[in-house]
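In the order they appear, the protein sequences are chains A and B. Every letter in the first sequence is one number past the one before it in my numbering, and letter 402, counting from 1, is 402. To convert, count from 1 in the second sequence and add 1000; that's my numbering.
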Amino acid sequence: MKLSRRTTTAALAGSAAVALTLAGCAGGGAAPETSSPSDEPVTLTVATFNNFGYTDELLAQYTDEHPNVTIEHTIAATSNDARSNYFTKLGAGSGLADVEAVEIDWFAELMQYSDKLYDLTDPALADRWVAWKTAAATDADGRLVAYGTDIGPEGVCYRQDLFEAAGLPTDPDEVSALLTGSWDDYFAVGADYVAATGKAWFDSAAATYQGMVNQVEAAYEDPATGDVIATENPEVKEMYEAVLDASASQSAHLSQWGPDWAAGQADGSYATMLCPGWMLGVISGNAPDVTTWRVADAFPGGGGNWGGSYLTVPAQGAHLEEAKALAAWLTSPEVQLQAFLEAGTFPSQQALFSDDALLTATNPFFGDQEVGGIFANRADAVTVAPFKGPKYFPINDAMIQALGRVDIDKTDDAASSWDKFVADVNSLG
Amino acid sequence: MSNRTAATHRPVRRLGFGQQLSRWDVKLSPYLYVSPFFVIFAVTGLFPLLYTAYVSVHEWSLIGGEGDFVGLENFAFTLTNPIFWTALRNTLSIFLLSTVPQLVLAITIAAVLDTNLRAKTFWRMGVLVPYVLTPVAVSLLFSFMYADKLGIVNNLLQAIGLPPVAWHSDAFASHIAIASMVNFRWTGYNALILLAAMQAVPRDYHEAAMIDGANAVRRFFSITIPSLRPTIIFVVITSTIGGLQIFDEPTLYDQYGRGGNDKQWLTITMLIQNTGWRENGNFGRAAAIAWLLFLLILLIGLINLAITRSISGSGVPRSRRTGKAVSR
C-alpha cells in the first residue's frame, strides 16, 4: 500500500480542538490507566504500517504529558512487510518495537503465539472496543493481548463525473440507493456503465473479491477443526467465478497498490472501487487534483469490513508497562478520533459511535461529505465477523494471485488459474 | 679455537630456542597472518553453511524451532515442487540475461575508457555512479519506469509506434526488465576492474602487433582479450554468484514482492524467503532450497571456469608468441 500523508491543516486544527473539548468533557473516566509505569527516561519504539494517522504532532501530545518518554515511530510500507518483519523477529526473540501494529488478516496467525505477547488486560478498558474486536484479541487463557485501533467498514467510492457521463445518478444519496443490493446488482449496474461508456467499472478483480470474501463466515478454514477448506468450499469457488465473469468486461485490470492502479484514481481509469474508511486517505493521496470522488453509503451484499488493526506489546520488549500505557493511550477514543480525522481510519472504540464529533466529521476531498456518519452506518451494517485462522493470510495471498493471473496478466483462464491456486494452497503444508 | 668452541657451544644452547622461534616464525607466521580471515570465515560462512545443512534435514518452524529429524524429505518435497523449477528457470534466465550482456558491455566500455580520452577520471568515475546508488532505490525507479500502462518505457515504445510490452505479465519481458536493473548497477563496476587489467597489458605487445600490421580490432581480440583472462574469470565468477542469488531487484519489481501472480519472476532466493518467512515459516524446507542453490552455484561456477578457460585459453599462446616476437 502506498503511503498517503494528507496535509490537512484544517482537519488537524479541528481535531485538536475536538480533543481538547473531549478531554474537558470526559474528565478522568475515559483517560487510560497509567498506574505502574516508572518515571525513568525511556525510549519507546512504535511500529505501524500504511497510515495509522499517528502524526508526529499527535505523538508529541503524549511526550508532552510524559516528559520522560521519547517515542520513535517507524512505518512499514505495506501490511505484508510488517507481517514478515513481525514473525521473523518474534521467532528470533528480539528486535521488535515496544508497540507493534498488527493487521486483522494475520492477527489470527499471531494469536497462535499469544504467550509471546504481553498481557494487556485492564478491567478499566473492557468496554472500550466493539465486542467482536475485543473477543478476537483475547486468547484461550482469557488474556487480552492486543488493543484495537481501527476497523474497516466498507462503502463504495465512485467518480461523479464518470457517472454523469454514463447517464447514471451522481448525488451520493441516489447512488447509495442504486448500489444497495447484492453483488449481482452491483455487476448489473456495472454492465450498464460499460455499455454506455466502454470504460471500466471497478479497479480489479482481486480488490472486488476482497469485499466479497470478507462477508463469508468461514471462507478458507473450518473454525471448529482448523482444517483448510479453501479449495473445496463452494462459496469460495462461486465468488471466484462471479468476480471473474464480471471482470472480463468491467475490470480496469490494474494490480491493486501498483503504480498504474494509483494513477488510475487520478485519470479516471475506473468509476468505482470498494472503500473501507482507511481507503479515503489513499485516494486523496493518489489523486489530489480530482474533485469528483464521493463515497456512497452502500455496499453490495450487505455490510463488509476490510482490515482494521491492533496494537500489541511483544513480551520480548524492555519497557513493557510503559509500552502498555502508550498502547492504551494510542487506542483511547480521543486519540483514535484524531487518527480518523487525519487518515480516515475508522475507530473501533464504541464510545465514538454516538459521538457527534465523529458523526459529523466531514472530508473536504470528498466534497465535504459527512464521512464519519456514513462509515458509522457502514459499521452498523456489518453482520458477519469472518473467521480468519492461521493460514488465512497465505491462502488469501494465493487467491489474489490466482485472480491476478486471469484479470491482469491474462496468462491463464479461470479454470487453469484455479488449478494453480489449489496447488499453491496444498503446498502451504 | 676455545673462543670458537665457546662461541659455537653457547649459541647452540641459547640460540636453540631462538632458532626454534625464528623457524616457527618463518613457518607459522604466514598462516597466523592470514588466519583472521579464515577464523571469521569459519564463524560467519562455514558454520551457517553446516548449520543450514543440519536444519534442512529437520522439521523446523520459524517460531517453534527445531522439530523431528526427517532425513531428505525437505529435499524431496522441493525437487518435486513445480514452483521450485519455475524459480530455477527464472533465476537462470535472469542470470544469463544479466551476466552475458554485462560482460560484453563492460569490456567494450573498458576498451573505450582505455583510449586517449579527455577528462579520463571524470569518465571513469562516471561509470561507477550507478554502483553507488542503493539497489532498493534503483529497483523502485525502474519499477516505475516499467509500469505496464503508464511507465516511461512503454510510453516511449508507443511513441515510436511499437506495441507496449506486458512487463509484469510476460515472464521473459519481466526477466529482461530485471536484468536491465542488474546491468545498470554492475556494468560500470566490472568495466573499471577490466580497465585496470587492460592497463596492465604491456604496451610493447600492441606496438609490435601494430608494426606487424594488425589493426585495432585484431589487436583487441588477439592481445587485449587473452591478456584479460584471469580478470574475466574473476568477473564471471563473482557475477555468477551475484546473479544466482539475485533478490533485491525482483523483490522490488512489483508492490507485493511475491514474484508475480504466475511466479513470472520468482527467483530461488525469493522462494527461500517465501518458504522460510512469508508463507508458513518452514525453515526446514527453506534450508533445503538454500542448499540446492549452493550446489547450483558451485556447479555453474565450475562450468563457467571451464568455458572461460577454453575460450581465452586458445588465445594465450598466441599472445605469448607475440611477446617473444617483440623480444626477438
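Every residue gets a Cβ at the ideal spot worked out from N, C-alpha and C, and that includes glycine.
| Asked | Found |
| --- | --- |
| Could you please give the first and the last residue of the uninterrupted alpha helix (DSSP H) stretch that includes F1047(B)? | F1047 to S1056 |
| Would G28(A) be called buried (16 or more neighbouring beta carbons within 10 Å of its own) or exposed? | Bear in mind that the predicted position of G28(A) carries a pLDDT of just 35, short of 50, making it too unreliable to give a figure here. |
| Just to confirm my understanding: we take V1070(B), look at its own chain, exclude 5 residues before and 5 after, and list those with CB closer than 8 Å. What are they? | V1057, H1058, E1059 and G1284 |
| Can you give me the start and stop residues for the beta strand (DSSP E) that R1229(B) sits inside? | Unbroken run through R1229(B) is the alpha helix (DSSP H), R1229 to L1244; no beta strand (DSSP E). |
| Which one of A402(A), T149(A), F387(A) and D407(A) has the shortest CA to CA distance from D222(A)? | F387(A) |
| Among F202(A), E342(A), G301(A) and K237(A), which has the Cα closest to the Cα of V282(A)? | E342(A) |
| Can you name the start and end residues of the beta strand (DSSP E) that G155(A) belongs to? | A146 to R159 |
| Is the shortest distance between the beta-carbon of P1082(B) and the beta-carbons of chain A less than 9 Å? | yes |
| So Y209(A) and V243(A) are in contact, right, with Cβ under 8 Å, and what is the actual spacing, rounded? | 5 Å |
| When burial is assigned at 16 or more other CB atoms within 10 Å of the CB, is A17(A) buried or exposed? | At A17(A) the pLDDT is 41, less than 50, meaning the model places this residue with poor confidence and gives no usable figure here. |
| Would you list the residues sitting across from M273(A) in a DSSP beta bridge? | C157(A) |
| Compute the Euclidean distance between the alpha carbons of G1016(B) and I1040(B), then round it to the nearest angstrom. | 35 Å |
| Is D173(A) helix, strand or coil by DSSP? | helix |
| Any beta carbon of chain B sitting closer than 9 Å to that of D81(A)? | yes |
| How would you write the range of the alpha helix (DSSP H) that N1090(B) sits in, first residue to last? | P1082 to D1114 |
| At a CB-CB cut-off below 9 Å, which residues of chain A make contact with T1063(B)? | For clarity, residue 1063(B) is Ile in the given sequence; the question names Thr instead. Simply F87, L90, G91, Q112, Y113 and K116. |
| Can you round the beta-carbon distance between V432(A) and Q369(A) to whole angstroms, since I take them to be within the 8 Å contact cut? | This structure gives no information on residue 432(A), because the portion of chain A shown stretches from 1 to 429. |
| Cβ atoms of S255(A) and Q1264(B): under 9 Å apart, would you say? | no |
| Using a cut-off of 8 Å between C-beta atoms, extract the partners of I408(A) located in chain B. | H1168, S1169 and N1261 |
| When you compare the CB positions of Y86(A) and V99(A), do they come within less than 9 Å of one another, or not? | no |
| Which residues mark the beginning and the end of the alpha helix (DSSP H) in which T225(A) is found? | Premise fails: T225(A) is in no alpha helix (DSSP H) and is neither H nor E. |
| Can the beta-carbon of G302(A) be found less than 9 Å from the beta-carbon of V384(A)? | yes |
| What span of residues does the beta strand (DSSP E) with W261(A) cover, start to end? | Note, W261(A): premise wrong, no beta strand (DSSP E); alpha helix (DSSP H) at P259 to D267. |
| Considering only residues of the region 1257–1319 of chain B, which uninterrupted alpha helix (DSSP H) runs meet the minimum length of 4 residues and lie entirely inside it, listed in chain order? | 1268–1273 and 1283–1313 |
| What does DSSP give as the partner residue(s) for D73(A) in the beta ladder? | The sequence shown places His at residue 73(A), not Asp. Paired residues: V46(A). |
| Would you call the region 1169–1176 of chain B and the region 1089–1096 of chain B touching, i.e. three or more CB-CB distances under 8 Å? | yes |
| Counting only runs of 4+ residues fully inside the region 99–135 of chain A, write out the alpha helix (DSSP H) ranges in chain order. | 107–111 |
| If you measure beta-carbon to beta-carbon, which residues of the region 1135–1148 of chain B are closer than 7 Å to chain A? | F1144, A1147 and D1148 |
| Quick test of the definition: if touching needs 3 or more C-beta pairs under 8 Å, does the region 146–153 of chain A touch the region 307–327 of chain A? | yes |
| Could you tell me which residues DSSP puts in a beta bridge with A200(A)? | Y270(A) |
| Going by DSSP in three states, Y1253(B) sits in which element: helix, strand or coil? | coil |
| I'd like to check one pair, P347(A) with P433(A): are the Cβ atoms closer than 9 Å? | Outside the shown range of chain A (1 to 429) lies residue 433(A), about which nothing can therefore be said. |
| Taking R1124(B) as the reference, which of A1177(B), T1187(B) and V1235(B) has the closest Cα? | T1187(B) |
| Can you list, in chain order, the residues of its chain whose CB lies under 7 Å from that of I1176(B), leaving out five sequence neighbours each side? | L1097 |
| Is the Cβ of A423(A) closer than 9 Å to any Cβ of chain B? | yes |
| Between Q1158(B) and chain A, is the shortest Cβ-Cβ distance under 9 Å, so that the two count as touching? | no |
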